[in-house]
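Visitor: I'd like to ask some things about the structure below.
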Amino acid sequence: MLQKRMQTYIGFLRGINVRGHHKVPMADLKAALSELGCKNMVTILNSGNVIFDLEETELHTLEIKIATHLEQRFGFGIPTFIKTKTEILSIIKSDPFESEEITVDKRAYITFFRPENNAKLNLPWVSEDGAYKILECKADSLISVLDVTVSKTTKAMAIVERSFGKDVTTRNWKTLIRIEKKLLA
Numbered sequence: 001m002l003q004k005r006m007q008t009y010i011g012f013l014r015g016i017n018v019r020g021h022h023k024v025p026m027a028d029l030k031a032a033l034s035e036l037g038c039k040n041m042v043t044i045l046n047s048g049n050v051i052f053d054l055e056e057t058e059l060h061t062l063e064i065k066i067a068t069h070l071e072q073r074f075g076f077g078i079p080t081f082i083k084t085k086t087e088i089l090s091i092i093k094s095d096p097f098e099s100e101e102i103t104v105d106k107r108a109y110i111t112f113f114r115p116e117n118n119a120k121l122n123l124p125w126v127s128e129d130g131a132y133k134i135l136e137c138k139a140d141s142l143i144s145v146l147d148v149t150v151s152k153t154t155k156a157m158a159i160v161e162r163s164f165g166k167d168v169t170t171r172n173w174k175t176l177i178r179i180e181k182k183l184l185a
C-alpha cells in the first residue's frame with residue numbers, strides 16, 4: 001500500500017479566544033487536532049493559529065474535517081481556513097506591502113475567505129473615510145491596510161464581512177511573520 005506524503009499545514013481558526021468568547025485553550029486545540037492524526041503541532045499566539053503536519057489531503061476537505069471535529073469537541077462552530085507551508089511562504093515572499101509604509105498606526109492585514117465568496121472589487125478599494133484600503137484581492141485572500149488613527153479594526157472587518165460574508169478570518173501581517181519564523185526554524 002502506498003503511503004501518503006506528509007505535508008505541513010497552517011490552520012487559521014476564526015473567532016476563538018476573542019474578548020473572552022469561544023475560549024479554546026491551546027493544549028485542548030492540540031489534543032483535538034491530534035485526534036485527527038495531526039503531528040508536530042505548534043500554536044502561535046492564542047488566537048487560532050496552528051502549524052501541524054498531516055498526510056497530504058485536499059485543502060477544502062481538510063477544512064471541513066477539522067471544523068466539524070472542533071465543533072463537536074468544543075460545542076460551537078469554528079470556521080477553519082487551511083493553507084500549506086508553501087502557500088504561506090509564497091504570500092510572505094511576494095511582499096504585498098512593499099509599496100506601503102507600515103507603522104504603529106498603519107497596520108497591515110491579510111484576510112482569508114472562501115473562493116466562492118470573492119467579491120471581485122475594483123482595486124485599490126478605499127473606504128469613505130480613507131482609513132481602510134484593500135490593495136490586492138486574490139482568489140481566496142485579500143491584502144489590506146488600516147490607519148487606526150482614523151478608524152478601528154472592527155469597522156474595517158465589518159466592511160470585509162459586508163463584501164465577503166462572515167466566513168472569513170483576518171490576521172495582522174506581524175502574525176504571518178511570526179508563523180514564517182516558526183516554519184523556517
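Residue numbering for the sequence shown follows the numbering used here, beginning at 1 and increasing consecutively.
We put the beta carbon where it would ideally sit given N, CA and C, even for glycine.
Note that the structure is predicted; figures quoted are calculated from it, not measured.
Enumerate in chain order the residues of its own chain whose CB-to-CB distance from residue 29 is below 7 Å, with the five nearest sequence positions on each side excluded.
Guide: Your numbering for residue 29 matches position 29 in the sequence shown. Around residue 29: 43, 50.
Visitor: Mapping the DSSP letters down to three states, classify residue 72 as helix, strand or coil.
Guide: Reading the sequence shown from its first residue, position 72 is the one you call residue 72. Three-state result, residue 72: helix.
Visitor: Exposed or buried, what is residue 96 when buried is set at 16 or more other beta-carbons lying within 10 Å of its beta-carbon?
Guide: Within the sequence shown, numbered from 1, the residue matching residue 96 stands at position 96. Result: buried.
Visitor: Quick check: the region 101-111 against the region 172-182, are there 3 or more CB pairs under 8 Å?
Guide: Yes, they touch.
Visitor: Where do the N-terminal and C-terminal ends of the beta strand (DSSP E) with residue 83 fall, by residue?
Guide: What you label residue 83 is simply residue 83 of the sequence shown in a count that begins at 1. Note, residue 83: beta strand (DSSP E), 80-84.
Visitor: In its own chain, which residues sit with a C-beta less than 8 Å from the C-beta of residue 78, not counting the 5 before and 5 after it?
Guide: Reading the sequence shown from its first residue, position 78 is the one you call residue 78. Result list for residue 78: 13, 14, 15, 16, 22, 24, 48, 67, 70, 71, in chain order.
Visitor: How would you call residue 141, buried or exposed, if buried means at least 16 neighbouring beta carbons within 10 angstroms?
Guide: On the sequence shown, position 141 is the one that residue 141 refers to. Residue 141 should be labelled buried.
Visitor: Below 8 Å on the Cβ atoms is my guess for residue 84 versus residue 7; work out the distance and round it to an integer in Å.
Guide: As a first step, residue 84 is located in the sequence shown; it is residue number 84 there, counting from the start. As a first step, residue 7 is located in the sequence shown; it is residue number 7 there, counting from the start. Correct: roughly 6 Å between the Cβ atoms.
Visitor: Could you tell me the alpha carbon to alpha carbon distance between residue 35 and residue 181, rounded to whole angstroms?
Guide: Start at 1 with the first residue of the sequence shown, and residue 35 comes out as number 35. Start at 1 with the first residue of the sequence shown, and residue 181 comes out as number 181. About 26 Å.
Visitor: Hey, residue 56 and residue 81: beta-carbon distance below 8 Å or not?
Guide: Along the sequence shown, one-based indexing puts residue 56 at 56. Along the sequence shown, one-based indexing puts residue 81 at 81. No; because the gap between Cβ atoms is not below 8 Å, this pair is not in contact.
Visitor: Run through the region 90-174 for me and flag every whole alpha helix (DSSP H) of 4 or more residues, listed as ranges in chain order.
Guide: Whole alpha helix (DSSP H) segments, 4+ residues: 153-164.
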